[in-house]
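Engineer: Dropping a structure here in C-alpha cells format, bear with me for questions.
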Amino acid sequence: MEVFLQTLVSGILKGGLYGLIGMGMSLIMGVMGIINLAHGALMMVGMYVTFACFTYAGIDPYLTIFISMPALFLLGMLIQKYTLNPLMEVDSILPENQVLMTVGIAMVLTEVARFIFSSDYKSVRTSYSGATFFIGDISFSVALVAAFFIAVAFTLSMFWFLLKTDLGRSIRATAQDKDAALLMGVNSKRITILTFGLGSALVAAAGTILMPVYYLFPDIGGPFTRKAFVITILGGLGSTVGAIFGGLTLGLAEAFGATYIGMAYDDMIGLLIFILVLLFIPGGFKRLLKV
Amino acid sequence: MRKYPPILLLVILILFPIVVRDHYHQHLMILVLMWVVIGSGWNVIAGYTGQVSFGDAAFFGTGAYTAGLFVTKLGISAWWGMLFGGIAAMAIAFPFGWICFRLRGAYFALATLALNEVMRHIATVWESLTDGMVGILVMQTFVSKVPYYYIALGLAVVSVIGVQIIMGSKWGYYFVSIREDQDAAESLGVNTHFYKMLSLNVAAFLTGMAGALFMNYMGFIDPEVVFSLHDISIMAILVGIVGGVGTIYGPVVGAFVMVAVHEFFRTGFFGFFKGIAALTGSDMIIVWAKYVMQAHVLGFGILVVLVILLLPNGIVGDWNLIVKKIFPVKTRRVTG
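Residue numbers (this note's numbering), protein chains in the order written: chain C, 17 to 307; chain U, 134 to 469.
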C-alpha cells in the first residue's frame with residue numbers, strides 16, 4: 017500500500033510538469049496546425065540557460081525562470097518569424113515542410129548546445145535538491161513539490177490569459193478558424209509568432225523547474241519531444257485542458273510502470289499508451305470531456 | 134533527350150570500380166548506392182504518398198538485425214537477410230501502419246519517430262536475442278570491395294527502376310492522389326488506408342534490404358548504429374528532400390550529395406584544416422578542426438533549414454529554377 021501511494025504521489029508530481037510541457041506543445045499545435053518537433057530542444061535550451069545562470073552567476077535555479085522564460089520567448093518568436101512563417105508562402109510538394117523545418121531547428125539547437133557545453137552530463141545541485149519531507153510514511157521531494165506547484169500556477173495563469181484577455185481570445189480564435197479570425201481583424205501572423213514564443217517560454221519554465229532534480233545533456237530534448245507528443249495525442253489535438261489530463265495520465269503511467277514493470281521500459285510505456293489511445297479513444301480526452 | 138542521362142550514369146557507375154581502384158572511394162560509392170535504396174524507399178512513402186516517415190531506421194535496423202541473427206542464431210549465411218530482411222521490415226511495417234495510419238500528416242510522422250525509438254529500445258533490452266549493446270559481428274564474405282559494390286549497384290538499380298514502374302502504374306497514381314488530397318481520393322473510391330499500407334510496405338521492404346546489405350558489408354552492427362535517429366532516419370529524409378521529393382532520380386542525387394557532405398565534415402573539409410594547420414603550425418586550427426569534424430549533425434541541421442527555405446522541392450525538383458538562376462539568359466524554352 018505504501019509503495020502504491022508513493023508511486024501515486026510521484027506520478028502526480030511528474031504529471032504536473034508534463035502538463036506544462038504538453039500545454040506549450042498543444043498551444044503551438046492549435047494555432048499553427050503543425051507539430052513542433054523542436055519542443056524538447058527548446059526545453060533543453062531553457063535548461064542550459066538555468067544551468068549557466070546557476071553555475072556562472074550563482075543565481076538560484078527557481079529565480080532563473082525570470083531569465084529563461086523571456087530568453088526562450090524571444091528565441092521562439094525569432095524562430096517562428098524567420099524560419100517557419102516564410103515557409104507558408106513557399107510552394108512545395110510536401111505539406112509537412114514546417115515540421116521538417118522544426119527537426120532541422122532542433123538539430124541546430126542541440127548541436128550548438130553540444131558545441132558550447134560539450135556532451136557531458138550536467139546538473140544543478142542546490143541545498144534543497146535532495147531534501148525531502150514526510151507525510152505519514154510517504155516521502156515528498158521538496159524540489160518536485162515546488163515544481164508541481166509552480167507548474168500548476170503557470171497552468172492556471174495560462175488559462176486566465178487564454179480565457180480573459182484580448183490577446184488570449186485572439187489566440188483561441190486563430191486556433192479555431194484562421195480565416196474567420198483574419199476577417200475579424202486578428203493579425204494571425206503576429207498571433208503565430210506570439211504563440212510560438214509563448215509555447216517556448218512555457219516549456220522553458222518546465223525545464224527550469226525540473227533542473228534542480230534532473231540532469232542535463234544536449235540530447236535530452238528528444239525524449240521530451242516524444243513525451244509532449246504522447247501527451248497531446250492523449251489529451252486530444254490542440255486542447256489545453258486535454259494536455260493537463262494527458263500530462264497527469266502519462267506521469268502516473270510512467271510512475272506505475274517504473275515501480276511495477278521496470279525502469280528500462282520508460283519509452284515503451286509512453287508508446288503503449290499512445291497505441292491504446294489511438295485504438296480505443298482516437299480523439300483523446302478532448303472527445304470524452306467535450307472541452 | 135531525357136532517356137540518355139540515366140543510361141550514361143549507369144555506364145559510369147558500372148565502370149567506376151574498374152577505373153577507381155582505391156578502397157576509400159569505393160567504400161564511399163557503396164554507401165551512396167545504399168542511400169539510393171533507402172532514399173527511394175523513403176521517397177515512395179513520403180515523397181509520393183505524402184506520409185512523412187521519421188522512422189526509416191526502424192526498418193533499416195530490422196533488416197540489418199534479421200541478416201545478423203541468421204548468422205548468430207540460425208547459422209546460415211547473412212546473405213539470406215537480403216530477402217528476409219525486407220520481409221521482416223514489412224512484418225514490422227504492417228501492424229504499425231494498420232494502427233498508425235489513423236493519424237495524418239505530422240502525427241503520423243511522430244508515430245514513426247516513436248517506432249524508431251521503440252525498435253532501438255527492443256534491440257538494446259532484448260539481450261538474449263540481440264546481445265544488446267554488444268552488437269553482432271559477422272565475418273565478411275569478400276575481402277575486396279568490388280563484389281559489394283556491384284551488389285549495391287544492382288540493388289540501387291532495381292529499387293530505382295522498381296519505384297519508376299510502381300509510380301507509372303495505377304498504384305502510383307493512387308499514391309499521389311493520397312498525397313494531394315486524401316479526402317478527395319477517398320471520395321473517389323480509392324481505399325486510402327490500403328494504399329498507404331501498400332506504400333509503407335514497399336518503403337519498408339527496400340529499406341530492410343538496404344539494412345541487410347549494410348550488415349553484410351560492414352560486418353558489425355549494434356542498436357546505436359542501425360537504429361540511429363540522426364544517422365539513419367534523418368539522413369534518409371535529407372537524401373529525399375535534398376535530392377527532390379517525389380522525383381525518381383531525386384534520391385540518387387540526394388544520396389550522392391549527402392554522403393559527400395557527410396564526408397566533407399568528417400574529414401574536416403577534405404583535409405583542408407589539416408593542410409592549413411600544417412602550413413601555419415598552429416595548434417588552434419587543429420583544435421578547431423576537431424570541433425568541425427564532430428559538427429556534421431550541425432551541418433545537416435543547417436542544410437535542412439537552408440534547403441527547405443531555398444529549394445523546397447530539392448535539387449531535381451527545382452532543377453529548372455536552379456538553371457534559371459545560374460544561366461538567366463540561356464533558358465528561353467519553358468520546360469515543365
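Each residue gets a CB set at the ideal place from its N, CA and C atoms; glycine is no exception. Please read all numbers here as calculations on a predicted model, not as lab measurements.
At least one CB of chain U closer than 8 Å to the CB of Glu127 (chain C): is that the case?
Structural biologist: yes
Engineer: Beta strand (DSSP E) containing Phe156 (chain C): first to last residue?
Structural biologist: Ile154 to Ser157
Engineer: Using 8 Å as the Cβ pair cut-off and three pairs as the minimum, do the segment 264-284 of chain C and the segment 57-66 of chain C touch?
Structural biologist: no
Engineer: Return the chain-ordered list of same chain residues with a C-beta closer than 7 Å to the C-beta of Gly301 (chain U), the five sequence neighbours on each side being excluded.
Structural biologist: none
Engineer: Specify the secondary structure class of Ser216 (chain C) as computed by DSSP and reduced to three states.
Structural biologist: helix
Engineer: Hey, Gly447 (chain U) and Gly387 (chain U) are a contact pair by Cβ (cut 8 Å); roughly how many whole angstroms apart?
Structural biologist: 7 Å
Engineer: What residue does the beta strand (DSSP E) around Ile365 (chain U) start on, and which one ends it?
Structural biologist: From DSSP, Ile365 (chain U) is part of no beta strand (DSSP E); its letter is neither H nor E.
Engineer: Does Gly469 (chain U) come within less than 8 Å of chain C when only Cβ atoms are used?
Structural biologist: For Gly469 (chain U), the pLDDT reaches just 48, beneath the cut-off of 50, and the residue's location in the model is therefore unreliable, leaving the point undetermined.
Engineer: By the three-class DSSP mapping on this structure, what secondary structure does Ser134 (chain C) have?
Structural biologist: Of the three classes helix, strand and coil, the one that applies to Ser134 (chain C) here is coil, per DSSP.
Engineer: Under 8 Å, Cβ to Cβ, is there at least one residue of chain C near Met300 (chain U)?
Structural biologist: no
Engineer: Select from the segment 265-295 of chain C all residues with a C-beta closer than 7 Å to any C-beta belonging to chain U, and list them in chain order.
Structural biologist: When C-beta distances to chain U are compared with 7 Å, the residues of the segment 265-295 of chain C below that value are Ala280, Asp283, Met284, Leu287, Phe290, Ile291, Leu294 and Leu295, in chain order.
Engineer: Under DSSP, the beta strand (DSSP E) around Thr148 (chain C) begins and ends at which residues?
Structural biologist: From DSSP, the beta strand (DSSP E) with Thr148 (chain C) extends over Thr148 to Ile151.
Engineer: Considering only DSSP beta bridges, list what Phe353 (chain U) is partnered with.
Structural biologist: U:Leu270
Engineer: Beta-carbon separation of Ala345 (chain U) and Asp189 (chain U) under 8 Å?
Structural biologist: no
Engineer: Any C-beta of chain U within less than 9 Å: which residues of the segment 84-103 of chain C qualify?
Structural biologist: Thr99, Pro102 and Leu103
Engineer: Under the three-state reduction of DSSP, which class applies to Tyr78 (chain C): helix, strand or coil?
Structural biologist: coil
Engineer: Taking 8 Å as the cut-off, decide whether the C-beta atoms of Gly237 (chain C) and Ile247 (chain C) are in contact.
Structural biologist: no
Engineer: State the CB to CB distance for the pair Gly120 (chain C) and Val438 (chain U), rounded to an integer number of angstroms; the pair is presumed to be in contact (CB under 8 Å).
Structural biologist: 4 Å
Engineer: For the segment 38-52 of chain C, enumerate the residues whose C-beta is nearer than 8 Å to any C-beta of chain U, in chain order.
Structural biologist: Ile50 and Ile51
Engineer: Just the chain U side, please: which residues come within less than 8 Å of Arg242 (chain C) by C-beta, in chain order?
Structural biologist: Leu243, Leu246, Ala247 and Glu250
Engineer: Closer than 9 Å by beta-carbon distance: list the chain C residues that pair up with Leu431 (chain U), in chain order.
Structural biologist: Listed by position along chain C, the residues whose Cβ is nearer than 9 Å to that of Leu431 (chain U) are Met123, Val124, Thr126, Glu127, Val128, Arg130 and Phe131.
Engineer: For Gln184 (chain U), count neighbouring C-beta atoms within 10 Å of its own C-beta (all shown protein chains included) and say buried if the count is 16 or more, exposed if not.
Structural biologist: buried
Engineer: So with CB distances below 7 Å, who are the chain U contacts of Pro298 (chain C)?
Structural biologist: Arg235
Engineer: For Ser139 (chain C), which three-state DSSP category applies?
Structural biologist: strand
Engineer: What does the Cβ neighbour count give for Gln192 (chain C), buried or exposed, with the cut at 16 atoms within 10 Å?
Structural biologist: Gln192 (chain C) should be labelled exposed.
Engineer: What separation, rounded to the nearest whole angstrom, lies between the Cα atoms of Lys138 (chain C) and Ala68 (chain C)?
Structural biologist: Using only the alpha carbons, I get a separation of about 10 Å.
Engineer: Do you know how far the Cα of Leu43 (chain C) is from the Cα of Tyr328 (chain U)?
Structural biologist: Per the coordinates, the alpha-carbon of Tyr328 (chain U) lies some 33 Å from the alpha-carbon of Leu43 (chain C).
Engineer: In the DSSP assignment, what are the bridge partners of Leu232 (chain C)?
Structural biologist: C:Lys138
Engineer: Ignore the nearest five residues each way along the sequence and tell me which others in Asp264 (chain U)'s own chain have a CB closer than 8 Å to its CB.
Structural biologist: Thr205
Engineer: Measuring straight from C-alpha to C-alpha, what distance separates Leu243 (chain U) and Lys457 (chain U)?
Structural biologist: 37 Å
Engineer: Counting contacts by CB-CB distance shorter than 8 Å, is Leu442 (chain U) in contact with chain C?
Structural biologist: Contacts with chain C at 8 Å (Cβ-Cβ) include Leu442 (chain U).
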